[in-house]
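In the numbering used here, the protein residues as written are 3 to 315.
Where is the CB? At the ideal position from N, CA and C, for every residue including glycine.
This structure is a prediction, so every number in the text was calculated from the model and none was measured.
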Amino acid sequence: MLAVARHEHQPAGVPAGGHAISIHGVVKRYGSIVAVDGLDLEVPPGVCFGLLGPNGAGKSTTMRMLTAQALADEGEISVLGYELPRESKQSRLEMGVVPQLDNLDVELTCRQILMVFARLYRVPRGERPAAIERALELANLVGRADTIVRELSGGMRRRLLVARGLIHRPRLVLLDEPTVGLDPQVRQELWSLIDGLRTGGVTVLMSTHYIEEAERLADTVAVMSNGRIIAQGTPVELVRAHAGEKVLEVYGPPDRLAEVSELAAGNGWSSRRSGPAVAIMRAETLDGLAPEGALRPANLEDAFVALTGEEIE
Ligand code: ATP
3 MLAVARHEHQ
13 PAGVPAGGHA
23 ISIHGVVKRY
33 GSIVAVDGLD
43 LEVPPGVCFG
53 LLGPNGAGKS
63 TTMRMLTAQA
73 LADEGEISVL
83 GYELPRESKQ
93 SRLEMGVVPQ
103 LDNLDVELTC
113 RQILMVFARL
123 YRVPRGERPA
133 AIERALELAN
143 LVGRADTIVR
153 ELSGGMRRRL
163 LVARGLIHRP
173 RLVLLDEPTV
183 GLDPQVRQEL
193 WSLIDGLRTG
203 GVTVLMSTHY
213 IEEAERLADT
223 VAVMSNGRII
233 AQGTPVELVR
243 AHAGEKVLEV
253 YGPPDRLAEV
263 SELAAGNGWS
273 SRRSGPAVAI
283 MRAETLDGLA
293 PEGALRPANL
303 EDAFVALTGE
313 EIE
């Protein structure tokens, strides 16, 4: 895998040659719904690993099992070398968690929230002020340290959630949909923050349904659908394997698009409707029958749609 060798030093606590996260044969049911269906996943230390999938794929349930907020019905999970759920207290102390939903106490200031969590995560008393300053700086909230949460913007609250999850310098960070609902500028800021973690040797597991987020940040992407991993690799590997090198986009009125879709089906070409166009994958392999259109490089969204049949952001 692409970035496994990027960090030379094995983070402390992960057994030599071991994985930061290891999930085997995990099943989670809610009544008759199988949210996670025989999941196998291994995250090596020091990488940013993206779990990409449409709504309902089982990403959040997987995240909740890694923090032991949900218990697996079957299978084995280990985090930082600790077995879950038996050793979940230890693993929780050593990892940082940034939840999807904002559960901040709106009456407290940023500094107060970070102080509460520094204590909770057992940062030694003498080190707490410096830990809080570091987290505020990391999340670009120094100027807002003494503002109460109620008065922060949505983006600032999200950055505070990240700062809170990093207060104890965790070696592993779980980010559940880190930029959902944020404007492009705040999203960019968070992306830089996440990228900085990874380059600092922290293992990041991030769930997302934003293709661009996975493509920009993740060393390895696992595509999840119906509670399972259906494909895994670097973004480039996934694109090459499932969409090829080039995509041919044919534009035209609806009857022309229907005609092109039929032509593609008749020739066994992989194609999809993409807004006002039909996109044909692996255009580099088409012979003289190819209709006229515009060629563009294939991207992760093409691969994702080819794999799941779903359009997402
Ligand atoms: P999203 O991107 O929408 O957050 P997801 O990939 O995170 O989706 P999950 O939230 O893990 O998906 O949900 C997987 C399936 O499990 C869905 O069918 C969902 O309705 C179901 N589910 C999740 N949590 C519960 C619960 N507490 N009780 C009942 N069903 C649940």
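| Check | Outcome |
| --- | --- |
| Coil, strand or helix - residue 244 by DSSP | helix |
| Heavy atom of the ligand ATP within 8 Å of residue 247 beta-carbon | no |
| Buried versus exposed call for residue 225 [16 or more other C-beta atoms within 10 Å across all chains shown] | buried |
| Residue 57 beta carbon near the ligand ATP (any heavy atom closer than 8 Å) | yes |
| Ordered list of beta strand (DSSP E) runs contained in the stretch 131-192, each at least 3 residues | 174-178 |
| CA-to-CA distance, residue 46 to residue 125, given in whole angstroms | 26 Å |
| Counterpart residues of residue 39 in DSSP-defined beta bridges | 29 |
| Cut-off 8 Å between Cβ atoms - residues of its own chain near residue 108, not counting five sequence neighbours on either side | 150, 151, 152 |
| CB of residue 279 within 9 Å of CB of residue 246, strictly | no |
| DSSP three-state assignment for residue 234, whether helix, strand or coil | strand |
| Bridge partner(s) assigned by DSSP for residue 98 | 175 |
| Bounding residues of the beta strand (DSSP E) (the contiguous stretch that carries residue 78) | 76-81 |
| Among 258, 214, 257, nearest to residue 305 - alpha-carbon criterion | 214 |
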